[in-house]
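Read through the structure below, which is laid out as structure tokens, and then see the notes.
Residue numbers (my numbering): 3 to 229.
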């Protein structure tokens, strides 16, 4: 089936009227970023977009208003407008994706226990999880979150690891088995020796990977920034 494009869409004056606000209002941030980057004697994708679309736009303006005098026809308003529109759409989708990633990071951090019961000087005390040290003996009761990573020393707990491993069935543990911070002790009081705390825990490493993925650029964007 043939598709007929209305004649006024091809009118250069109509295209000029539509493309101008896209070029200088929707695309304003590209010019601002390009100016800042060029002042630092560098270049990135914004510079390429600003230069490329401006060249297409200005050429089209010349053809629109003076093309008859110089014997040139053919405008490229749509090229400049489409480039800006698609890149802005991509940035919008990227922002939405990063927002969802930020929510995921918050949820991961929320899995972390706030306090821990540790044995020091032969007595059990409650401290903030940030103060747990490697080799501390930690006591965990049924229903409590395991505060850090470690190795079971006493007891036979049943641990729900689904929030980190996806395993829906609780896992029985015994002396010598590893336990992961942020998982939940479902059954049995036990003691374990802390082996990884703070930024070294499995949960902290997962959060780090997600944060790095959020801040990284796609290969094509890195290529554009380099060239």
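All residues carry an ideal CB built from backbone N, CA and C; glycine is no exception. If you're wondering where the values come from, they're calculated on a predicted model, not measured in any experiment.
- Query: In or out: residue 15 buried (at least 16 other Cβ within 10 Å) or exposed?
  - Reply: Within the chain shown, numbered from 1, the residue matching residue 15 stands at position 13. Classification of residue 15: exposed, given that the 10 Å Cβ count is below 16.
- Minimum C-alpha distance to residue 176 - residue among 168, 161, 183: Here residue 176 is taken as the residue at index 174 of the chain shown, counted from 1. Among 168, 161, 183, the Cα nearest to that of residue 176 is on 161.
- Message: Excluding the 5 residues flanking residue 130 on each side, which residues of the same chain have their C-beta closer than 8 Å to its C-beta?
- Response: Position 128 of the chain shown holds residue 130. Same-chain partners within the cutoff: 116, 117, 118.
- Message: Does the structure place the stretch 134–153 close enough to the stretch 193–210 that three or more beta carbon pairs sit under 8 Å?
- Response: yes
- Which residue spans inside the stretch 6–60 form an unbroken alpha helix (DSSP H) run of at least 4? 14–23, 30–41
- Message: For the pair the stretch 31–48 and the stretch 59–68, tell me if three or more CB-CB distances fall below 8 Å.
- Response: no
- Query: Do residue 212 and residue 103 have their C-beta atoms within less than 9 Å of each other?
  - Reply: Along the chain shown, read from residue 1 onward, the residue named residue 212 stands at position 210. Along the chain shown, read from residue 1 onward, the residue named residue 103 stands at position 101. Going by C-beta atoms, residue 212 is nearer than 9 Å to residue 103.
- Message: In the DSSP assignment, the beta strand (DSSP E) including residue 148 goes from what residue to what residue?
- Response: As a first step, residue 148 is located in the chain shown; it is residue number 146 there, counting from the start. Segment: none, residue 148 is in no beta strand (DSSP E) and carries neither H nor E.
- Message: Check this for me: beta carbons of residue 153 and residue 178, under 9 Å apart or not?
- Response: Here residue 153 refers to the residue found at position 151 when the chain shown is read from its first residue. Here residue 178 refers to the residue found at position 176 when the chain shown is read from its first residue. Yes, these two residues count as a Cβ contact at 9 Å.
- Message: Could you tell me the alpha carbon to alpha carbon distance between residue 52 and residue 20, rounded to whole angstroms?
- Response: Start at 1 with the first residue of the chain shown, and residue 52 comes out as number 50. Start at 1 with the first residue of the chain shown, and residue 20 comes out as number 18. Each residue's Cα considered, the two are about 18 Å apart.
- Query: Since residue 187 and residue 142 are thought to touch, with beta carbons under 8 Å apart, how far apart are those beta carbons, to the nearest angstrom?
  - Reply: Your numbering for residue 187 matches position 185 in the chain shown. Your numbering for residue 142 matches position 140 in the chain shown. Right, their Cβ atoms sit about 5 Å apart.
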